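These notes concern the structure reproduced below.
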Amino acid sequence: MKTQVAQPEIAHTHTHDLVTWIHLGYVLVFTFFAYSPTLSAAFLNWDDVPYVVENPVIRQWSLLNIKRIFTEYTFGNYHPLTILSLSVDYALGKLNPQLYHCTNILLHLGNTALVFFLVRKLSPSSQTALICAILFGLHPIHVESVAWIAERKDVLYTFFYFWALICYVRYTREQKTSLYVYTLALFLLSILSKAMAVSLPLILLAIDYLLKRKIFSRTVLLEKVPFFLLALFFGLVAIWAQKASQSIVENDPWNFAERIVLASYAFVQYLIKLLCPIQLSAIYPYPEKSGQWIPLIYVAYVLAVLLVGGLVLYSVRFTRTYLFGFLFFTASICMVLQLLPVGRFIMADRYAYIPSLGVFWIMVVCFQKIVSGFSSHRKFIIGLGFVYLALLAAGTYRQSTLWKDDLSLWNDAVQQYPDFSEAYNLRAHARIKHNDTVGAYADFDKCIVLNGDNKAGYYGSRAGIKASVKDYVGALKDYSLAISFADTTKMYASSLYINRGAVYAELKNFSAAFTDFERAEHLPIVDPDFFLNRGILFLESEKYTEAIADLNHAIVREPNSKEAYYHRAEVYYLQGKGHMALQDCNQAIKIDPAYAKAYNLRGLLEVKIEQFQKALSTFSDAIEADPLLAEAYYNRAYLNQSLGLTETVCEDMKQAYKLGYRSEAAYMQQICPN
0 MKTQVAQPEI AHTHTHDLVT WIHLGYVLVF TFFAYSPTLS AAFLNWDDVP YVVENPVIRQ
60 WSLLNIKRIF TEYTFGNYHP LTILSLSVDY ALGKLNPQLY HCTNILLHLG NTALVFFLVR
120 KLSPSSQTAL ICAILFGLHP IHVESVAWIA ERKDVLYTFF YFWALICYVR YTREQKTSLY
180 VYTLALFLLS ILSKAMAVSL PLILLAIDYL LKRKIFSRTV LLEKVPFFLL ALFFGLVAIW
240 AQKASQSIVE NDPWNFAERI VLASYAFVQY LIKLLCPIQL SAIYPYPEKS GQWIPLIYVA
300 YVLAVLLVGG LVLYSVRFTR TYLFGFLFFT ASICMVLQLL PVGRFIMADR YAYIPSLGVF
360 WIMVVCFQKI VSGFSSHRKF IIGLGFVYLA LLAAGTYRQS TLWKDDLSLW NDAVQQYPDF
420 SEAYNLRAHA RIKHNDTVGA YADFDKCIVL NGDNKAGYYG SRAGIKASVK DYVGALKDYS
480 LAISFADTTK MYASSLYINR GAVYAELKNF SAAFTDFERA EHLPIVDPDF FLNRGILFLE
540 SEKYTEAIAD LNHAIVREPN SKEAYYHRAE VYYLQGKGHM ALQDCNQAIK IDPAYAKAYN
600 LRGLLEVKIE QFQKALSTFS DAIEADPLLA EAYYNRAYLN QSLGLTETVC EDMKQAYKLG
660 YRSEAAYMQQ ICPN
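As structure tokens, this is what we get:
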């Protein structure tokens, strides 16, 4: 891989100025302060729950879980290193959100430092590197990537990504094979953290262009082959993951020409928000269609992209610097411009995390030229620059406070987009989390008014909330409305029938419940949890043979289903097959070491075989895993009372009663009259 490198137009000699290093330290300190509000932030109802709070694979370091991390998709994504990093946080601090936020901030600080080192290798000016690092560290558009725990993938993949670029720049100069191998290895680590890293080979070509390497020479092209092969493979994996979770939009309402217009709109909006970060939001809606076509005003964004591209190409007559920054931004943002429609939003702040560096590069070069071109006003211009940076820092601090909890975040989204139904939908779920059912219902009503095309989804969500607060009559009504609006060719229609069937089961109307499950089974696409849910229905209706058959089927389909093992254990327990029930409980706990209900059932099984001390310990494990599991408190109290260990009996019984356990209220009153 030895090749002669043409002399670049920029010098590469740097003086290790102590003042510069001190300034970099200041940048990192200011950046940490700007993000400090996130240290007191909670887990959000937006992906933090499936990624961390309810993710069993992060709770125990075992060969089984490591295998699952590297062989399964997580919430429609494949990023095993990200999940591994979250499992490290869990091992250190369980479900303390402060630790997860601290890790994100530290990774962002590391990325900010790497920006400095990368730009310093590409630019003759340490000042350029320092200002780029300041912009990267303090820009408000990066708050989403840092403040959102579930977006750990952004800050982690960027760490390996920038490190890989630094190694590559060194490789182009030193021509050491080891540096090439380091670059490739770091690229692999980056892509295993987030699929957006597939853009790295294009950035390598942009660096080749800046450094005046012979891009089309055989040697330079062959260097890139392993990178492009990795990018192709993991790019396909990412698409498969998105399809598996049904995140890729089917029956796209926008044709390809409109998609080009929308991509241009997003491209320009990213540029605008990087230059002037106002009206940042966690969500950005698609524009409303005007009849059958996108509003013509949006065509102006295509012209804007062409104009910017034309100006950049014109600048090549004088310097390669601007085109490099433009290529860096474009190559790393093009994957997420919704040409392949994924998700519900047209853009997201997190997508600009790495691409922003290309824009910052251009901004800094332009600023330096303005300062040198207007030397008589140098102090004034530099003063304006400091004001701009101060505003960025203030914006980041303010934006960080919005991510402190769900309600703050979605209240802001509703305020910015009062006609966007999804903002109300997300706030409704946040309000439920805060026990504001009245507010949640009002938000769902607003969703239904604003978006008639998704009535099935919103009625279904509202029905689920009514069921969770035991308003079964209201839940049935809403599920029926949802079904009446549902597209029966989509999987969610099957889920609606299953959920309505579960509500019928709560009302002991098993005939209606089985009818709904039969309807769900005969739809074109069946919910993957169909057999699990019908197995539970058979269990509740005391049809144990059928329950075992369905739960066996569920385990074959999903060998890591803790729920299937737990409910099969319940059936075995009721059939008097204690040994088999105990095996299934242990397997459920192996899959999720914090599965409280499985511990509780195992405790009951241990009581049956007279392992009383072990059972007491198991009930305590259940309470530790879920301090709100009322039945576990009662079971521990009852066993202690039976063993004559009465010291904590009343305390446990009172806690069980407080948490809603009423099955043995008379006995509890007899033992603990007060």
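Numbering that gives the first Met the number 0 puts the sequence shown at residues 0 to 673.
Beta carbons: idealized from backbone N, C-alpha and C, even for Gly.
These figures come from a predicted structure and were not determined experimentally.
> Residues bridged to N76 by DSSP?
Replying inline: Translated into positions along the sequence shown, residue 76 becomes position 77. DSSP lists T73 as partners of N76.
> How long is the line joining the alpha carbons of L178 and V197, rounded to whole angstroms?
Replying inline: Numbered from 1 along the sequence shown, position 179 holds the residue referred to as residue 178. Numbered from 1 along the sequence shown, position 198 holds the residue referred to as residue 197. Distance between the alpha carbons of L178 and V197: 20 Å.
> Between S399 and the rest of its own chain, which residues show a CB-CB distance below 6 Å, the 5 nearest in sequence each way excluded?
Replying inline: Mapped onto the sequence shown, residue 399 falls at position 400. Excluding sequence neighbours, S399 sits near Y34, P36, T37, V142 and A146.
> Does DSSP classify W239 as helix, strand or coil?
Replying inline: Taking the sequence shown and counting its residues from 1, the one referred to as residue 239 is at position 240. Of the three classes helix, strand and coil, the one that applies to W239 here is helix, per DSSP.
> Helix, strand or coil: how does DSSP classify W20 here?
Replying inline: Along the sequence shown, read from residue 1 onward, the residue named residue 20 stands at position 21. Note: W20 maps to helix in three-state DSSP.
>> Once DSSP output is grouped into helix, strand and coil, what is the label at S616?
In response: For this step, residue 616 is matched to residue 617 along the sequence shown. In this structure, DSSP gives S616 a helical state, which the three-state scheme calls helix.
>> What ranges does the alpha helix (DSSP H) occupy inside the segment 46 to 106, keeping only unbroken runs of at least 4 residues that lie completely in it?
In response: Taking only runs of at least 4 residues, the alpha helix (DSSP H) segments lying wholly in the segment 46 to 106 are 62 to 70 and 79 to 92.
> If you count every other CB in all the chains shown that lies within 10 Å of the CB of D528, and 16 or more means buried, which is it?
Replying inline: For the purposes of this step, residue 528 is taken as the residue at position 529 of the sequence shown. With 16 or more other Cβ atoms inside 10 Å of its own Cβ, D528 counts as buried.
> Along the chain, where does the alpha helix (DSSP H) that runs through G438 open and close?
Replying inline: The residue given as residue 438 occupies position 439 in the sequence shown. G438: member of the alpha helix (DSSP H) spanning T436 to L449, first to last residue.
> How long is the line joining the alpha carbons of H552 and Q59, rounded to whole angstroms?
Replying inline: Here residue 552 corresponds to residue number 553 of the sequence shown, with the count starting at 1. Here residue 59 corresponds to residue number 60 of the sequence shown, with the count starting at 1. Roughly 26 Å between the two C-alpha positions.
>> Quick check for students: name the residue ranges of the alpha helix (DSSP H) that lie wholly in the segment 577 to 655, counting only runs of 4 or more.
In response: Those alpha helix (DSSP H) runs which fall completely within the segment 577 to 655 and span 4+ residues are 577 to 590, 595 to 607, 611 to 624 and 629 to 641.
>> Taking the straight line between their C-alpha atoms, what separation do you get for L536 and A519?
In response: Position 537 of the sequence shown, counting from 1, holds the residue named residue 536. Position 520 of the sequence shown, counting from 1, holds the residue named residue 519. Approximately 14 Å, taken between the alpha carbons.
>> Contact defined as beta carbons within less than 8 Å: I believe V356 pairs with C131. What is the distance between those atoms, to the nearest angstrom?
In response: Counting from 1 along the sequence shown, the entry for residue 356 is found at position 357. Counting from 1 along the sequence shown, the entry for residue 131 is found at position 132. The sequence given here has Leu at residue 356, not Val. The C-beta distance from L356 to C131 rounds to 7 Å, short enough to fall under 8 Å.
>> So, with DSSP's three-state summary, where would you put V555?
In response: Translated into the one-based positions of the sequence shown, residue 555 becomes position 556. Helix, per DSSP.
>> Let me make sure I understand the geometry here. Which of F158, T218, F116 and L121 has the alpha-carbon closest to that of T81?
In response: As a first step, residue 81 must be located in the sequence shown, where it is residue number 82. Residue F158 is the option with its Cα nearest to T81.
> Where do the N-terminal and C-terminal ends of the alpha helix (DSSP H) with G372 fall, by residue?
Replying inline: By 1-based counting over the sequence shown, the position of residue 372 is 373. Going by DSSP, G372 is part of the alpha helix (DSSP H) stretching over S355 to G372.
> Can you tell me whether DSSP reads H433 as helix, strand or coil?
Replying inline: To locate residue 433, count along the sequence shown from 1; it is residue 434. In this structure, H433 counts as coil in the three-state DSSP scheme.
> How long is the line joining the alpha carbons of Y160 and Q586, rounded to whole angstroms?
Replying inline: For this step, residue 160 is matched to residue 161 along the sequence shown. For this step, residue 586 is matched to residue 587 along the sequence shown. Here the C-alpha atom of Y160 lies approximately 39 Å from the C-alpha atom of Q586.
>> Can you tell me whether E663 is helix, strand or coil according to DSSP?
In response: Locating residue 663 in the sequence shown gives position 664, where the first residue counts as 1. DSSP places E663 in the coil class of the three-state scheme, outside both helix and strand.
>> For V26 and T176, what's the separation of their Cα atoms in angstroms?
In response: Locating residue 26 in the sequence shown gives position 27, where the first residue counts as 1. Locating residue 176 in the sequence shown gives position 177, where the first residue counts as 1. Between the alpha carbons of V26 and T176 lies a gap of roughly 34 Å.
> Looking at C-alpha atoms only, which residue of I271, E609, V236 and I282 is the closest neighbour of V307?
Replying inline: Walking along the sequence shown from the start, residue 307 turns up at place 308. Out of I271, E609, V236 and I282, I271 has the C-alpha closest to the C-alpha of V307.
>> On the DSSP letters alone, give me the boundaries of the alpha helix (DSSP H) that K561 sits inside.
In response: One-based indexing of the sequence shown puts residue 561 at position 562. Under the DSSP assignment, K561 falls in the alpha helix (DSSP H) whose first and last residues are K561 to L573.
> If you follow the alpha helix (DSSP H) that P284 is part of, which residue opens it and which one closes it?
Replying inline: Sequence index remark: in the sequence shown, residue 284 carries index 285 (1-based). For P284, there is no enclosing alpha helix (DSSP H), as DSSP marks it with neither H nor E.
>> I need the boundaries of the alpha helix (DSSP H) containing A347, first residue and last residue.
In response: If you number the sequence shown from 1, residue 347 lands on position 348. Counting along the chain, A347 sits inside no alpha helix (DSSP H), nor does DSSP assign it H or E at all.
>> Measuring alpha carbon to alpha carbon, tell me which residue in L134, Q669, Q97 and N103 is nearest F385.
In response: Within the sequence shown, the letter at position 386 stands for residue 385. Distance check between F385 and each of L134, Q669, Q97 and N103 places L134 closest, using alpha-carbon atoms only.
> Taking the alpha-carbon positions, what's the W253 to L63 distance?
Replying inline: Sequence index remark: in the sequence shown, residue 253 carries index 254 (1-based). Sequence index remark: in the sequence shown, residue 63 carries index 64 (1-based). Counting only the Cα atoms, L63 lies some 43 Å from W253.
>> Among S510, P96, P79 and L209, whose alpha-carbon lies nearest the alpha-carbon of A237?
In response: What you label residue 237 is simply residue 238 of the sequence shown in a count that begins at 1. Nearest option by C-alpha distance: P79.
>> DSSP three-state label for I214, please.
In response: Here residue 214 refers to the residue found at position 215 when the sequence shown is read from its first residue. In the structure shown, I214 falls within a coil segment according to DSSP collapsed to helix, strand and coil.
> If we count the other Cβ atoms within 10 Å of its Cβ and call it buried at 16 or more, is L706 buried or exposed?
Replying inline: Any question about residue 706 goes unanswered here, given that the chain covers just 0 to 673.
>> Going by DSSP in three states, F298 sits in which element: helix, strand or coil?
In response: Position 299 of the sequence shown, counted from the start, is the residue given in the question as residue 298. With the sequence shown as reference, residue 298 is identified as Val, and Phe is not the correct amino acid for it. Correct three-state label for V298: helix.
> So, is P523 buried or exposed, given that buried needs 16 or more other C-beta atoms within 10 angstroms?
Replying inline: Position 524 of the sequence shown holds residue 523. By the neighbour-count criterion, in which 16 or more other beta carbons inside 10 Å mark a residue as buried, P523 falls on the exposed side.
> Is it buried or exposed for V555, if we count other Cβ within 10 angstroms and need 16 for buried?
Replying inline: Taking the first residue of the sequence shown as 1, we reach residue 555 at position 556. The C-beta of V555 has fewer than 16 other C-beta atoms within 10 Å across all chains shown, which makes the residue exposed.
>> My output table needs one value for V114: the three-state DSSP class, helix, strand or coil.
In response: For the purposes of this step, residue 114 is identified with residue 115 of the sequence shown, where counting begins at 1. V114 falls in the helix class under three-state DSSP.
> From which residue to which residue does the alpha helix (DSSP H) around K454 run?
Replying inline: On the sequence shown, residue 454 is found 455 positions in, with the first residue counted as 1. The continuous alpha helix (DSSP H) containing K454 extends over residues K454 to S467.
>> Which of the three DSSP states is assigned to P7 in this structure?
In response: Numbered from 1 along the sequence shown, position 8 holds the residue referred to as residue 7. Note on P7: pLDDT 45, under 50, position unreliable in the model; the coordinate value appears next. For P7, the secondary structure class from DSSP, reduced to helix, strand or coil, is coil.
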